[in-house]
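Report on the following structure.
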Amino acid sequence: MTHIPKQSAVEAHFRQESFHDVMAAQLKRSPWFLVSLAIHAVLILALYNMEWSKSELVDDLGIQAQFEDTPDELIEPEEELEKEEDIEPVDQIIEEPTIIEEDFEAESEEEFDDNPIDTPFDSANVNDVIGVGGGAGGGGLTGKIGGRRGKRGDDKTDKAVDAGLEWLARHQSPEGKWDSDGFMDFCSVPCDGPGDPLNDVGLTGLALLAFLGANNTTQAGHYKKNVRNGIRYLERMQDEDSGLFGAKSGQHYMYNHALAALAMTESYLLSGRSYVQKRPAQLGVNFILNARNPYKAWRYESPPNGKNDTSVTGWMVMVLESAREAGLEIDMGAFDGALAWFDEMTDPQTGRTGYITRGSYSAREEGMEADFPREKSEAMTAVALLARIFIGQKEDHPAVNSGIELLQALPPRWSPETGEADMYYWYYASYVMFQLGGRKWEHWNEKMKATILPNQHLEEGCLQGSWDPVGPWGEAGGRVYSTALMVLCLEVYYRYGKVIGSRGK
-17 MTHIPKQSAV
-7 EAHFRQESFH
3 DVMAAQLKRS
13 PWFLVSLAIH
23 AVLILALYNM
33 EWSKSELVDD
43 LGIQAQFEDT
53 PDELIEPEEE
63 LEKEEDIEPV
73 DQIIEEPTII
83 EEDFEAESEE
93 EFDDNPIDTP
103 FDSANVNDVI
113 GVGGGAGGGG
123 LTGKIGGRRG
133 KRGDDKTDKA
143 VDAGLEWLAR
153 HQSPEGKWDS
163 DGFMDFCSVP
173 CDGPGDPLND
183 VGLTGLALLA
193 FLGANNTTQA
203 GHYKKNVRNG
213 IRYLERMQDE
223 DSGLFGAKSG
233 QHYMYNHALA
243 ALAMTESYLL
253 SGRSYVQKRP
263 AQLGVNFILN
273 ARNPYKAWRY
283 ESPPNGKNDT
293 SVTGWMVMVL
303 ESAREAGLEI
313 DMGAFDGALA
323 WFDEMTDPQT
333 GRTGYITRGS
343 YSAREEGMEA
353 DFPREKSEAM
363 TAVALLARIF
373 IGQKEDHPAV
383 NSGIELLQAL
393 PPRWSPETGE
403 ADMYYWYYAS
413 YVMFQLGGRK
423 WEHWNEKMKA
433 TILPNQHLEE
443 GCLQGSWDPV
453 GPWGEAGGRV
463 YSTALMVLCL
473 EVYYRYGKVI
483 GSRGK
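Position one of the sequence shown corresponds to residue -17 (the numbering used here), numbered consecutively onward.
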């Protein structure tokens, strides 16, 4: 709107009609009104000739002009706000109380805001399959990672999961990581069961997977603060050039990276594909792709040196499958290379998948084989089976069918004194058997619960909710490892959807 100076407005006002024109028109209509008009004319002329009248009139008209423009600008937004408040459902307003966390950085909410740059989880992709974390789902090629949250396990398994997560939450360090050998510093009465300090990055990834599996993300959930702090820690531990999470030290840094990358990709998917998490997730995937042996799989080295093993390859396949579901860039040839390795390692006679030689039993760290004999675990067979299923091979595939028989013959049993305790095996095998469903799963599920649930610490104190680090990898992983892995086992009912038959190879 063009602004008119106050003086010009007054002049325009007086140019519209002269006093004499108005009086003449009135005289023609009402001669009897002459006396009244004459009196008013005298009064108006007297006021007009006074020195102060003109300036006050200008000010008065200026004030009127300002108020005439203002109401339109004020009323419209007020009406819009009232409409928004009227249509917003009450349950959206009170769905989650606002919690002020004093030790949280001021920018934390903005850093993890839902600002997706990819297609978010839309309703067309949400289905009845219970998926990772039970959160909103879809967006992937098959929708098997994601989906609407259905029922969890039964009351006992749900309580065990909740207690395990509470133990992990209490033992997270202020910097966001789960300290392999320093977690007990956060107890009034210190816990026992330290792990190898070189495994902090991997254990942080494993703990995050447990929280994500129970519907805690950077955006929602009772433990969203723990998830946010853990994701931040992993971001700080990532090399910007290579994408590696953690230091390139020790023999097993590839395990650390794989677990951290899996947590990052699942968090990116379940937290709404926020642009904040996309870059570290993609960088982690890039490192994995660059570490793969041409036309084959992975082991401990990057750049690759031609050596492969089933254990590392299994974790890498799960990361790439999660990345594929999240819409990150991957090389589809990596799945073919992994299958080629599994086929090379699987004995067609027994169905057993070896670690680095065909049909051999699971690996053991030096000094652990006497206490936990190799033949009392089918960990590598379980790893290969789950990877095969997620890549797309079905139950009727010869290698899948024969491997399942080996798992059925060796259900979970908590007996460290006889060497029958392998949490790593139970985790992979439980996810395989859940994919099968039916009586095979029911039989395994009963054995799994009978093994895991009674051995959780339920007594009040620092150990409450945790599991002792037993088995061939207990010393390396420690109590954080055992607790996170057992929580993941009990989340099998809803963490991954059933994908048997989703793709065929």
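From the three backbone atoms N, C-alpha and C, an ideal C-beta is built for every residue, glycine too.
Residue environment: Glu248 is assigned as buried (16 or more neighbouring CB atoms within 10 Å of its CB, all protein chains considered). The beta-carbon distance between Leu191 and Leu470, rounded to whole angstroms, is 6 Å. This is short enough to meet the 8 Å contact definition.
When secondary structure is reduced to three states using DSSP, Gln259 falls in the helix class. In this structure, Gly419 and Lys480 form a Cβ contact; the two beta carbons are roughly 6 Å apart against a cut-off of 8 Å. When the five nearest sequence neighbours on each side are left out, the beta carbons in the same chain lying within less than 6 Å of the beta carbon of Phe354 are those of Gly401, Pro454, in order along the chain.
Counted as a single uninterrupted DSSP element, the stretch harbouring His204 is not any alpha helix (DSSP H), since DSSP gives it neither H nor E. Selection Val267, Ala142, Glu326, Asp163 evaluated against Ala196 yields Ala142 as nearest (Cα-Cα). The beta carbon of Leu271 is closer than 6 Å to those of Asp313 in its chain, skipping five residues each way along the sequence.
Assigned with DSSP and collapsed to three states, Glu387 falls in helix.
If you draw a straight line from the Cα of Glu428 to the Cα of Asp221, it is about 43 Å long. In terms of Cβ geometry, Ile434 and Val414 do not form a close pair [threshold 9 Å]. DSSP, reduced to helix, strand and coil, places Phe227 within a strand of the structure shown.
Secondary structure of Trp149 (DSSP, three-state): helix.
About 5 Å separates the beta carbons of Val294 and Met236, which is inside the 8 Å limit, making them a contact pair. Between Met298 and the set Pro330, Pro436, Glu148, Leu244, the nearest pair of CA atoms involves Leu244. Contact between Thr139 and Leu472 holds: CB atoms are separated by about 5 Å, below the 8 Å threshold. By the CB criterion at 9 Å, Ser162 and Val462 fall inside the cutoff. Val301 sits away from Asn238, with the two beta carbons spaced by 9 Å or more. DSSP places Glu311 outside both helix and strand once states are collapsed to three, so it counts as coil.
Ser448 counts as buried, since no fewer than 16 other beta carbons sit within 10 angstroms of its beta carbon. By alpha-carbon distance to Ser304, the top candidate from Arg255, Leu321, Ala411, Lys207 is Arg255. By alpha-carbon distance to Asp223, the top candidate from Arg210, Gly266, Lys206 is Gly266.
Here the C-alpha atom of Asp450 lies approximately 7 Å from the C-alpha atom of Gly175.
For Gln233, the three-state secondary structure derived from DSSP is coil. In this structure, Gln233 is the residue among Pro156, Gln233, Arg306, Asp318 with its C-alpha nearest to the C-alpha of Ser284. Annotation: Trp449 is outside any alpha helix (DSSP H) and is labelled neither H nor E by DSSP.
Looking at the DSSP output, Glu402 shares a beta bridge with Ser397. For the pair Ala352 and Thr363, the Cα-to-Cα distance works out to about 21 Å. For Arg306, same chain residues with a beta-carbon under 6 Å away, outside a window of 5 residues either side, are Ile312 in chain order. The alpha-carbon of Tyr205 is positioned some 26 Å away from that of Leu226. Per DSSP, Leu367 is one residue of the alpha helix (DSSP H) stretching across 361 to 373. Proximity to Leu367 across Glu357, Arg356, Lys358, Pro380 peaks at Pro380, based on C-alpha coordinates.
Bridge partners of Gln438 according to DSSP: Trp449.
Out of Asp404, Asp325, Ala242, the CA that lies nearest to the CA of Glu360 is found in Asp404. Within the same chain, and ignoring the five residues on either side of Ile371 in sequence, the residues whose Cβ sits closer than 6 Å to its Cβ are Gln417. Across the structure, Glu441 and Glu457 are spaced so that their CA atoms are roughly 23 Å apart.
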